[in-house]
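Below is one structure, written out as structure tokens; the observations come after it.
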Amino acid sequence: MSIYIRAIDYEMWDIITDGPFMSSTLNVVKNELMPKPRSEWTGTETRKVQVNFKAINTLHCALTPTEFNKVSRCTIAKQVWEKLRIIHEGTSQVKESKIALLTHNYEMFKMEPIEDITSMFDRFTNITNKLSQLRKPILEHELVKRLLRSLPKN
1 MSIYIRAIDY EMWDIITDGP FMSSTLNVVK NELMPKPRSE WTGTETRKVQ
51 VNFKAINTLH CALTPTEFNK VSRCTIAKQV WEKLRIIHEG TSQVKESKIA
101 LLTHNYEMFK MEPIEDITSM FDRFTNITNK LSQLRKPILE HELVKRLLRS
151 LPKN
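Heads up: the sequence shown at position 151 corresponds to 151 in UniProt numbering, and the numbers run straight through without jumps.
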């Protein structure tokens, strides 16, 4: 999904990961930033604010109805993304448990006695892709070594 979003508009990805642009002005009396009234926004500021809504729309269009129901009340793209991340990856504890289980499956991976090479490779790829999605990628040469070790001796 991140590649798709960056391909549409890289600034949109920044909004999703960092939060929305907030047009502000300095109140010299209080020496603090204050939200700038909409009537004073420049064209550039309007476009930057609009990117948040573009990001929300892009995310919404990619969701199933069930996922949409879980994030439809979010008004900031970063909130939508964080909620989706928790839905799909879980909390950090759940994520660590998933990584531990997948790592164990990867380390113990063997070709099943009645399994053909295509099915075995699909099963192996499924495990390694899930690890990558959880930000635990495995180097290519390690994948090759593990795959070769998983083949039967005969």
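Heads up, the beta-carbon is just placed ideally off N, CA and C, and yes, glycines get one too.
From a predicted model like this one, the values you see are computed outputs, not experimental measurements.
Taking the C-beta atoms as reference points, A62 is found no nearer than 8 Å to M12. In this structure, T46 is the residue among D18, I16, T46 with its C-alpha nearest to the C-alpha of S24.
Three or more beta-carbon pairs drawn from the segment 127-146 and the segment 99-106 are found closer than 8 Å, and the two stretches are therefore classed as touching. Within the model, the alpha-carbon separation for K36 versus P65 is close to 36 Å. Take K98, set aside five residues on each side of it, and the residues of its chain with a beta-carbon closer than 8 Å to its own are E89, G90, K130, L134, in chain order. For S24, the enclosing beta strand (DSSP E) begins and ends at 24-27.
Secondary structure of M120 (DSSP, three-state): helix. In the assembly as shown, N69 is an exposed residue. Its beta-carbon has fewer than 16 other beta-carbons within 10 Å.
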